[in-house]
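Undergrad: The sequence shown begins at 0 in numbering that gives the first Met the number 0 and counts up one residue at a time.
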Amino acid sequence: MIQSIEFARLNRVPFLGICLGMQAAVIEYTRNVLNLKDANSTEFNQKTKAPVIALITEWLKVMAH
Numbered sequence: 000m001i002q003s004i005e006f007a008r009l010n011r012v013p014f015l016g017i018c019l020g021m022q023a024a025v026i027e028y029t030r031n032v033l034n035l036k037d038a039n040s041t042e043f044n045q046k047t048k049a050p051v052i053a054l055i056t057e058w059l060k061v062m063a064h
């Protein structure tokens, strides 16, 4: 999915990402444009060193502290 989104971005192919597609687009952009190669979602890898997407419950826990 990430490679397909990269292809769409590089070739200016219209892409509508909602839900998982939007999350994958954020990860693709962060990895390939912002050069943060470990970017990921905590939904896919809870131990990621570079979380760019997280579950709302995780954000609520952080905000509670």
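Ideal Cβ placement from N, Cα and C applies to all residues, glycine included.
(1) Check whether the Cβ atoms of Ala49 and Leu35 lie closer than 8 Å to each other.
(2) Determine which residues share a DSSP beta bridge with Ile78 and list them.
(3) Quick check on DSSP: helix, strand or coil for Asn31?
(4) Considering only C-alpha positions, which residue in the set Ile26, Asn10 and Pro13 is nearest to Ile0?
(5) Would you please state the rounded distance, in angstroms, between the beta carbons of Ser40 and Ile52? I believe it to be under 8 Å.
TA: Working from what's here:
(1) yes
(2) Missing from the structure shown is residue 78; the chain here goes from 0 to 64 and no further.
(3) helix
(4) In the sequence as displayed, the identity of residue 0 is Met instead of Ile. Of Ile26, Asn10 and Pro13, the residue nearest in Cα terms is Ile26.
(5) 4 Å
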